[in-house]
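S.K.: Shown below is the structure under consideration.
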Amino acid sequence: MCGIIGYIGKDKALPRILSGLKSLEYRGYDSAGIAYVKNKKIIVQKEVGRISNLEKKINLEEDTYMGIGHTRWATHGEANKINSHPHTLGKFTIVHNGIIENYQSLKDELIKKGVKFVSETDTEVIAALLNENYKNEKDILKTILKTTKELVGSYALGIICTDDLEHIYATRCGSPLIMAQDKNGSYIASDVPAILNYTNKYYLLEEKEIAKISSEEIQVFDDNLQQVQKEMHTFEGSVETILLNGYEHFMLKEIHEEDTAFKNTLDYYVQNNKFKETMPDFKKYQSIHIVACGSAYYAGLVSKYIFEEYVNIPVKVELASEYRYQKNFYDSNTLVIIISQSGETADSLASLKMAKNAGIDTLAIVNVTSSSIAREAKYTLYTKAGVEIAVATTKAFIAQVTLLSLVALKMAQREDLLQEFKGIENYIQDLVNRDYLPYAKFLYQNNNIFFIGRGVDYALCLEGSLKLKEAAYINSVALAAGELKHGTISLIEDNTPVISVCTDASIALKTISNIKEVKARKAKVLLITNEDINDNFYDYKIDLPKLHPVVMSIITVIPMQLIAYEVAKLRGCDIDKPRNLAKSVTVE
Ligand code: M6R
């Protein structure tokens, strides 16, 4: 969600800013803009739509050595040129990621003082406030400090001021920002991919810190304006990890990396069928709350069945956007598990902080190293899925289910079941390499598709349905199979597609009865199963290997991911960057 890049150095700035913006495309955006300094003047250019629209309008060879760039995911005001960033007011030009909750009252005050606004954004209010405060403070660092104290909400800001064209300033609260340096200059960015073409070393800007970067130096100040020393981090992956490497889309590439995501996650915590020291023991906890959003929530829902079955303790799974506003009942033996690929999801982070403030222990299951959720939790366990670029998560979901299953087995002291994980990467490879186009052809012209399953299969149906919605823009509904006849079955008519997942032998017969009910109403059924079913109550069947239940849920989702991918392709969707969506949802 919104991407920020800034560069100041010896090289021409625009190619670096453009390449940074392109590497941040995965975050989701609907307009893009840059501000750069030429002949001591700040020049701003913005375009609606893809970065390529902006690229066509700018001269990459422009004689400029300093600038900031932004991809905007619209929140306040529609996606048009005026609302796009950067925003300039008086001496200040800024880019912003986040939401300022008190922007309207600040705006009203500023209007009373005679400030004229042109956009509908909260960001322009920050620029105006900086400009106003600077009149009294007359010092940029003090001005930034004073301004951010007046802001309520979340922000990562890249700031340039006409009175100091030798530095880019940055600060953040609730939205991520990193800084980096190579022999040619210094950078600020929302995320590491933006600078990976130049360096894999970076610094994290902490909440409320202010960065002042020049061509040669990165200085960081705390909220007393005392300079602080920063620890350098190294990004473990390579530039290749953020390139397509011959695949048509990141979503497809990342599905093909699921075997590695699984294996790397397993090997980080398990060796020779024994847990390594990297896997802590959470057995003292007597109840679990799992809190997450989107697919991470569904990974949590899948794991509920595994925790309850093997650990034998109650597990409640909640959407973070609900959890943080509801009454939660904890006792001292409750563990709150927050699951997040990005580690930056605003509602998940807020839920984590809420549990922490209530004195409850928290465990983060996170993919992105050193992300806010990873740093905020009492315990953090990383999924080893590698960088995930496509908005639709695939390999991170598999890694989350894998890691949650391992946490459950450790709590249950069931090391004996670790042997079931051996060789699963081969089953993943087999499923990933099958041809799903025939099923996609059967589905892609429908605007309503139903998924049904029971127990853990229901949780996996929810994930399959979400993939179809977000990647292929098809309204699909996932239902607990037994719930169908309580209302939704009225929507089943001739040829309505129903995808049924049936991998749990203990309730397979019940699910089969539900499939027969829709079939009797002339639905067209695609059955995904590991059961030996030869009856002809389905129209299409995808056979899964019959694995132990503790690992079955790791692989079952794969056909649904690839079907969503193929359907999205047939429908000509923007697969890696679906409309309206963002990879990292840093607003509430
Ligand atoms: O980064 P997170 O795992 O916290 O993100 C949570 C959801 O936004 C995310 O899973 C979203 O639902 C995916 N785009 C689904 O593919």
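To get the numbering used here, take the position in the sequence shown, counting from 1, and add 262.
Glycine included, C-beta positions come from ideal geometry on N, C-alpha and C.
(1) Roughly how many angstroms separate the alpha carbons of P811 and D719, rounded to a whole number?
(2) Excluding five sequence neighbours on each side, which residues of the same chain lie with their C-beta closer than 6 Å to the C-beta of T607?
(3) Verify the contact flag: S858, CB atom, against every heavy atom of the ligand M6R, threshold strictly below 6 Å.
(4) Less than 7 Å separating the beta-carbons of M441 and I450?
(5) Whose CA, out of I600, S594 and N574, lies closest to the CA of Y585?
(6) Using alpha carbons as the reference points, say which of A767, E732, G295 and A742 lies closest to V829.
(7) Counting C-beta neighbours from all protein chains within 10 Å, is the total for Q662 16 or more, i.e. buried, or is it exposed?
(8) Going by the beta-carbon positions, is the gap between V630 and S604 smaller than 7 Å?
(9) Determine, using beta carbons only, whether D384 and I356 come nearer to each other than 7 Å.
(10) Check this for me: beta carbons of G352 and N393, under 7 Å apart or not?
(11) In its own chain, which residues sit with a C-beta less than 8 Å from the C-beta of V380, not counting the 5 before and 5 after it?
(12) Could you give the uninterrupted runs of the alpha helix (DSSP H) lying entirely in the stretch 617-674, keeping only those of 4 residues or more?
(13) Is any non-hydrogen atom of the ligand SAM found closer than 6 Å to the C-beta of V653, if you look at the structure I gave you?
(14) With burial defined as no fewer than 16 other Cβ atoms inside 10 Å of the residue's Cβ, what is the status of P438: buried or exposed?
(15) To which residues does DSSP link C723 through a beta bridge?
(16) Could you compute how far the alpha carbon of A927 sits from the alpha carbon of L722?
(17) Shortest alpha-carbon distance to N507 belongs to which of E519, F497 and K375?
(18) Tell me, to the nearest whole angstrom, how far the beta carbon of L789 is from that of S762; I am working on the premise that it is less than 8 Å.
(19) In the DSSP assignment, what are the bridge partners of Q259?
(20) DSSP on S293, reduced to helix/strand/coil?
(21) On a Cα-Cα basis, can you pick out the residue from S565, A473 and V532 that is closest to F659?
(22) Which runs of the beta strand (DSSP E) fall wholly inside the stretch 357-403 and span at least 3 residues, in chain order?
(23) Select from A654, I651, D425 and V669 the residue whose C-alpha is nearest the C-alpha of I627.
(24) For the alpha helix (DSSP H) holding V501, just list the boundary residues, first then last.
(25) Of the choices C264, K319, D292 and L625, whose alpha-carbon is the least far from that of D836?
(26) Going by DSSP, what residue range makes up the alpha helix (DSSP H) through Y547?
(27) Report buried or exposed for G501, applying the criterion of at least 16 other Cβ atoms within 10 angstroms of its Cβ.
(28) By the three-class DSSP mapping on this structure, what secondary structure does P811 have?
(29) Measuring straight from C-alpha to C-alpha, what distance separates T655 and E287?
(30) So E399 packs on K408, CB below 8 Å; how close in whole Å?
(31) First and last residue of the alpha helix (DSSP H) that includes F799?
(32) The ligand M6R and S557: does any heavy atom of the ligand fall closer than 6 Å to the residue's C-beta?
(33) My understanding is that I320 touches L368, with C-beta atoms under 8 Å, so please give their C-beta distance in whole angstroms.
(34) Taking only heavy atoms of the ligand M6R into account, decide whether any of them is closer than 6 Å to the Cβ of V847.
(35) Do you know how far the Cα of I279 is from the Cα of M328?
(36) Which stretch, first to last residue, makes up the alpha helix (DSSP H) that contains T522?
M.R.: Reading from the atomic positions:
(1) Here residue 811 refers to the residue found at position 549 of the sequence shown. Here residue 719 refers to the residue found at position 457 of the sequence shown. Cα to Cα, the separation comes out at about 11 Å.
(2) As a working note, residue 607 is residue 345 in the sequence shown. Only C555 and V847 meet the Cβ criterion.
(3) No statement about residue 858 is possible, as the shown extent of the chain runs from 263 to 850 and does not include it.
(4) In the sequence shown, counting from the first residue as 1, residue 441 sits at position 179. In the sequence shown, counting from the first residue as 1, residue 450 sits at position 188. Their beta carbons are under 7 Å apart, which means M441 touches I450 by this criterion.
(5) Locating residue 585 in the sequence shown gives position 323, counting from the first residue. Taking only the C-alpha atoms, the option nearest Y585 is I600.
(6) Start at 1 with the first residue of the sequence shown, and residue 829 comes out as number 567. Of all alpha-carbon atoms in A767, E732, G295 and A742, the one lying nearest the alpha-carbon of V829 is that of E732.
(7) Within the sequence shown, the letter at position 400 stands for residue 662. Under this definition Q662 is a buried residue.
(8) As a position in the sequence shown, residue 630 is number 368, starting the count at 1. As a position in the sequence shown, residue 604 is number 342, starting the count at 1. The answer is yes: Cβ separation under 7 Å.
(9) Locating residue 384 in the sequence shown gives position 122, where the first residue counts as 1. Locating residue 356 in the sequence shown gives position 94, where the first residue counts as 1. Contact flag unset, no.
(10) For the purposes of this step, residue 352 is identified with residue 90 of the sequence shown, where counting begins at 1. For the purposes of this step, residue 393 is identified with residue 131 of the sequence shown, where counting begins at 1. At the C-beta level, G352 and N393 come within 7 Å of one another.
(11) The sequence position of residue 380 within the sequence shown is 118, counting from 1. Closer than 8 Å at the Cβ level, and outside the excluded window around V380, lie I344 and E386.
(12) Inside the stretch 617-674, DSSP marks whole alpha helix (DSSP H) runs of 4 or more residues at positions 634-638 and 657-673, from first to last along the chain.
(13) Within the structure as shown, the ligand SAM is missing, the only ligands being the ligand M6R.
(14) For the purposes of this step, residue 438 is identified with residue 176 of the sequence shown, where counting begins at 1. Buried, by the Cβ-count rule.
(15) In the sequence shown, the residue the question calls residue 723 occupies position 461. Under DSSP, C723 shares a beta bridge with no residue.
(16) Residue 927 is absent from the model: the chain starts at 263 and stops at 850.
(17) Here the question's residue 507 lines up with position 245 in the sequence shown. Checked all of E519, F497 and K375; the closest Cα to N507 is E519.
(18) Stepping through the sequence shown from its first residue, residue 789 is reached at position 527. Stepping through the sequence shown from its first residue, residue 762 is reached at position 500. So it is a contact: roughly 5 Å between Cβ atoms.
(19) The structure shown has nothing for residue 259, since the chain only spans 263 to 850.
(20) Counting from 1 along the sequence shown, the entry for residue 293 is found at position 31. DSSP places S293 in the strand class (E or B) of the three-state scheme.
(21) As a position in the sequence shown, residue 659 is number 397, starting the count at 1. Of the candidates S565, A473 and V532, the one whose C-alpha sits nearest the C-alpha of F659 is S565.
(22) Taking only runs of at least 3 residues, no beta strand (DSSP E) segment lies wholly in the stretch 357-403.
(23) As a first step, residue 627 is located in the sequence shown; it is residue number 365 there, counting from the start. Among A654, I651, D425 and V669, the Cα nearest to that of I627 belongs to V669.
(24) Against the sequence shown, residue 501 aligns to sequence position 239. That residue, V501, is in no alpha helix (DSSP H); it is neither H nor E in DSSP.
(25) By 1-based counting over the sequence shown, the position of residue 836 is 574. Of all alpha-carbon atoms in C264, K319, D292 and L625, the one lying nearest the alpha-carbon of D836 is that of D292.
(26) Residue mapping note: residue 547 aligns to position 285 of the sequence shown, counting from 1. Careful: Y547 lies outside any alpha helix (DSSP H) and carries neither H nor E.
(27) The residue labelled residue 501 in the question sits at position 239 within the sequence shown. The sequence shown places Val at residue 501, not Gly. Exposed, by the Cβ-count rule.
(28) The sequence position of residue 811 within the sequence shown is 549, counting from 1. Residue state, collapsed to three classes: helix.
(29) Here residue 655 is taken as the residue at index 393 of the sequence shown, counted from 1. Here residue 287 is taken as the residue at index 25 of the sequence shown, counted from 1. Straight-line Cα distance between these residues: approximately 15 Å.
(30) The count along the sequence shown starts at 1 and reaches residue 399 at position 137. The count along the sequence shown starts at 1 and reaches residue 408 at position 146. In this structure, E399 and K408 form a Cβ contact; the two beta carbons are roughly 6 Å apart against a cut-off of 8 Å.
(31) On the sequence shown, position 537 is the one that residue 799 refers to. No alpha helix (DSSP H) holds F799; DSSP gives it neither H nor E.
(32) Within the sequence shown, numbered from 1, the residue matching residue 557 stands at position 295. Remark: the C-beta of S557 is in contact range of the ligand M6R, defined as less than 6 Å to any heavy atom.
(33) Here residue 320 is taken as the residue at index 58 of the sequence shown, counted from 1. Here residue 368 is taken as the residue at index 106 of the sequence shown, counted from 1. Going by Cβ atoms, the distance from I320 to L368 rounds to 32 Å, so no, they are not a contact pair.
(34) Here residue 847 refers to the residue found at position 585 when the sequence shown is read from its first residue. V847 Cβ: within cutoff of the ligand M6R.
(35) Mapped onto the sequence shown, residue 328 falls at position 66. Mapped onto the sequence shown, residue 279 falls at position 17. Cα-Cα distance, rounded: 9 Å.
(36) Within the sequence shown, the letter at position 260 stands for residue 522. Element bounds for T522: E520 to Y531.
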